[in-house]
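Number of protein chains: 4
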Amino acid sequence: MTDPVPPLVHRKKPLQARSALTVAAIGEAAIEVLLAEGIERTTTTRVAARAGVSVGSLYQYFPDKHSLLAAVLAQHLTHVAMAVEKSCTEHRGAKVADMAQALVHAYVSAKLEHARASQALYAIAAEHGGAERVEMARERMLAAVSGMLATAGDRDFSDPSRHAAILLGAIAGPVRNLLESNRHVMPGDDLKEELVTLARAYLLAASTPC
Amino acid sequence: MTDPVPPLVHRKKPLQARSALTVAAIGEAAIEVLLAEGIERTTTTRVAARAGVSVGSLYQYFPDKHSLLAAVLAQHLTHVAMAVEKSCTEHRGAKVADMAQALVHAYVSAKLEHARASQALYAIAAEHGGAERVEMARERMLAAVSGMLATAGDRDFSDPSRHAAILLGAIAGPVRNLLESNRHVMPGDDLKEELVTLARAYLLAASTPC
Amino acid sequence: MTDPVPPLVHRKKPLQARSALTVAAIGEAAIEVLLAEGIERTTTTRVAARAGVSVGSLYQYFPDKHSLLAAVLAQHLTHVAMAVEKSCTEHRGAKVADMAQALVHAYVSAKLEHARASQALYAIAAEHGGAERVEMARERMLAAVSGMLATAGDRDFSDPSRHAAILLGAIAGPVRNLLESNRHVMPGDDLKEELVTLARAYLLAASTPC
Amino acid sequence: MTDPVPPLVHRKKPLQARSALTVAAIGEAAIEVLLAEGIERTTTTRVAARAGVSVGSLYQYFPDKHSLLAAVLAQHLTHVAMAVEKSCTEHRGAKVADMAQALVHAYVSAKLEHARASQALYAIAAEHGGAERVEMARERMLAAVSGMLATAGDRDFSDPSRHAAILLGAIAGPVRNLLESNRHVMPGDDLKEELVTLARAYLLAASTPC
DNA sequence: AATGAATGAGAGTTCATTCAT
DNA sequence: GATGAATGAACTCTCATTCAT
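Protein chains in written order, with our numbering: chain V, 1 to 210; chain E, 1 to 210; chain C, 1 to 210; chain L, 1 to 210.
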């Protein structure tokens, strides 16, 4: 939108245990307020109150509201990206069917594990330099997935980067729908199963035998 | 978040040509401001200014900011949902491969046709009762798609409604990623082609021959 | 308050019958809106709508909102003042007991006859140059009453003007209370009777036999 | 008009001395602005400015404009009501002539003591739920006065509650007239004297000897 | 370090008034 | 003459941010 990717610095390094706890509490509180009140009513005062600290303290740890929300978003994105990266690293050289299953599990589990946060953060993603951060996380995952695809033991991919992009998007879409629809239409395990079918079918269709 | 689906009424019926133009201009302006400034800076005053009318006029046509954004979102969602419904109706009884292609074309074209609007509206979708409206549009499309799947000439689906949900999500995900990443990584036609592959592969994998 | 007594001119003389009707309708509408919505929500548009005319028409007859409300107030005040003047003229030379009765009847009847208007107008009286107009009406009534008292056939008043002021205030107070308390505690006739007792007692106490 | 009696809560308890001073300053300022500019121009911003604080501070102590004005009105009404109650309690069992004098003194003194506030508040009384509050204050005073009348040592009242209502109204009317007419026609002491005459005359006329 | 009262720019919304039709 | 869409100043209220305590 308007702003370049801001540096995302904390005003202080939360070296002491106390500080770290406070920062964590504020992050939690932000998500809760986001879910309970919506972005427009997510104010620094309300977040501080929910976290049980004063606004002043909040500003001791985050230079402004922007940074607070960006930090919360970044943390979540990093969590998911790392889960994907780990899984991709572990399945280099595997068969595509296994890659598909592993990727779906890694991604969906990481998302559903923090379902509430995920849901809340879709709202931030569109603002606060969120788009850039989301983009960056996607790049990381894309690199990991296309790297993995290129090493598939049983299939060749003509354009691993493109296939990775479609694959990730195709997995993320239904997950997002599930998280955003309040009444959870489908249990997480069914979702995973169905997405494994999807991922496997796509990867096979998009590749040729070695 | 907090509010139920609001009635989405215009304050006045835009019967006269002049009014209709003004309403349209305001809608356009809302999207432009949304894209240029982000939601937080999308104020009624700015939208009115961009539309070349006074705030007062804006409020003559929309009871409040909420309704304005909701109306813009609703218009877009309806456009896409109708395109999908039309395509599904036309392909009842067809082969799944054709269904897949038709659905992808219909959805992606409708989205890319109003790419700017699409992109801008993801931000609204999370607020302003947007979630409910998005949900409703999804229901319409789901019904259309699962209805179509059930009539496939060459395959049987055990649970058309579930498959429809996954399919739509899987198509929407990559489209969304494309729209949200500012630098358009992939041309629209390539995207369609790849999604057709995805959709066909999934539908075949998820069904059994008649 | 801030402004001197404004000239209270209509923009046009309502010579034609049509105009006179419209003016009257607007006046009525103003009172209704005042009662139904309170001053703060008494807008020119609402008054015009209630009167069944356009805002534009309202402004054809009244130069501004101020004048409209002032005119409505003035009309009511004049009505009451005239009733009092008439009664006072008719009872010059009478006995104070009869004067008291006549005055109470005239004043209370005039007020209760337009109870709704009376009630609504207390709100205007404090603004819109209302104070001055109320003052002027009081002067007229004061002059009439003290003029009458001075001619009493059976008693002498040392300071008719002061006695008139107290008398009028003492009658107006309970009437106002009755009108302002929504649940009408006392029937109008009981009020009159009680006020006659009050007025007679005061006038006798404040005067000496001839 | 539209609303029930609002709870009249301050947003924060003005426990600290500083806060209490600020709240008081805002109340004072409200009265001054009311007198200087009239209700329509009595805006929260102007009141805050006159009080020497920011609008934000005003809203820290009063949830909305409504409550601010209501609080100021309530304070004044309570002051007067308490003065009347005190006087009535002290004159239970007294002779009606003494009761009359005491009541007039208590009421008129309380009003004139805060003449400016009194005058300003007549304007609020008609709006902002003022009517209800005024009504409540009147009830308190009515109860006190009729309770006192019932204990009169030298006279019997057939309907103390009705007599109390008329008496209070008859005293309030002239006081109001005096406060509202800018040029003070009559000194306060003369007014009191005249009202004592009025009150005594009425109470005697409305009662019978024991 | 922590607090939370104070600030004031800025948002949403209304409404008296005008004027092209 | 009548209409009512358009205007934009002004109002109420919120909230990110600061700083004296």
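Backbone N, C-alpha and C define an ideal beta-carbon position, used for all residues, glycine too.
- Taking 8 Å as the cut-off between beta carbons, the residues of the stretch 136-148 of chain V near chain E are R138, in sequence order.
- Counting C-beta pairs with one atom in each stretch, the stretch 154-164 of chain C and the stretch 191-209 of chain C have three or more that are closer than 8 Å, which means they touch.
- With fewer than 16 other CB atoms across the displayed protein chains lying within 10 angstroms of its CB, C/R18 is exposed.
- Note on the stretch 93-180 of chain C: whole alpha helix (DSSP H) runs with a minimum of 4 residues are 96-113, 115-125, 130-150 and 160-180, in chain order.
- Short of 6 Å from the beta carbon of C/L204, and not among the five residues preceding or following it, lies no beta carbon of its own chain.
- Apart from the 5 residues on each side of it in sequence, V/A100 sits with its Cβ closer than 7 Å to the Cβ of V196, A199, R200 and L203 in its chain, given in chain order.
- C-alpha of C/T151 to C-alpha of L/K86: approximately 42 Å in a straight line.
- Rounded to the nearest whole angstrom, the CA to CA distance from C/H105 to L/I166 is 16 Å.
- The beta-carbon of L/P187 is placed no less than 8 Å from the nearest beta-carbon of chain C.
- Minimum Cα-Cα distance from C/A49 among the listed residues C/K111, C/A117 and C/A29 corresponds to C/A29.
- With fewer than 16 neighbouring CB atoms inside 10 Å of its own CB, E/G56 falls in the exposed class.
- Taking the CA atoms as reference points, E/E113 sits about 52 Å from L/R41.
- When 7 Å is used as the limit between beta carbons, V/L198 is near these residues of chain E: I166, A170 and Y202, in chain order.
- Within a 10 Å sphere around the beta-carbon of C/G93 sit fewer than 16 other beta-carbons, which makes this residue exposed.
- Rounded to whole angstroms, the gap between the alpha carbons of C/A70 and L/I31 is 24 Å.
- Taking the Cβ atoms as the reference, C/S118 lies roughly 5 Å from C/L179, within the contact range of under 8 Å.
- In terms of beta-carbon proximity, V/I26 stays away from the interface with chain E, with every pair separated by 8 Å or more.
- Neighbourhood of V/S207 in chain E, by CB distance below 7 Å: empty, with the nearest CB roughly 11 Å away.
- Taking a beta-carbon distance threshold of 8 Å, C/P174 counts as an interface residue toward chain L.
- For E/S54, the secondary structure class from DSSP, reduced to helix, strand or coil, is coil.
- Assigned with DSSP and collapsed to three states, E/T22 falls in helix.
- Judged by their CB atoms, C/C88 and C/V175 are not nearer to each other than the 8 Å cut-off.
- The Cβ of C/R92 sits no closer than 8 Å to any Cβ of chain L.
- Taking 8 Å as the threshold, the shortest C-beta distance from L/A150 to chain C does not fall below it.
- Cα atoms of E/H91 and V/R116: separation of roughly 38 Å, rounded to the nearest angstrom.
- C/T45 sits in a helix when the DSSP states are folded into three classes.
- The residue from L/H128, L/G130, L/S161 and L/A131 with its alpha-carbon nearest to that of L/A143 is L/S161.
- With contacts defined as CB atoms closer than 8 Å, C/L73 and C/I124 qualify as a contacting pair.
- Its Cα nearest to that of V/D190, the residue V/S109 stands out among V/Y122, V/S109, V/D159 and V/V134.
- Burial is judged here by how many other beta carbons sit within 10 angstroms of a residue's own beta carbon; V/G52 has fewer than 16 and is exposed.
- At a cut-off of 8 Å, the C-beta of E/R162 has a neighbouring C-beta in chain V.
- Apart from the 5 residues on each side of it in sequence, L/A164 sits with its Cβ closer than 7 Å to the Cβ of L142, V145, S146 and L149 in its chain, given in chain order.
- Across the stretch 37-56 of chain L, CB contacts with chain C closer than 7 Å involve E37, G38, I39 and E40, in sequence order along the chain.
- Listed in chain order, the positions of the stretch 124-135 of chain V with a beta carbon within less than 8 Å of a beta carbon of chain E are A126, E127, A131, V134 and E135.
- Your pair V/V33 and V/V23 does not check out as a contact, with CB atoms roughly 16 Å apart and the cut at 8 Å.
- Boundaries of the alpha helix (DSSP H) harbouring E/G188: G188 to A205, taken from the DSSP string.
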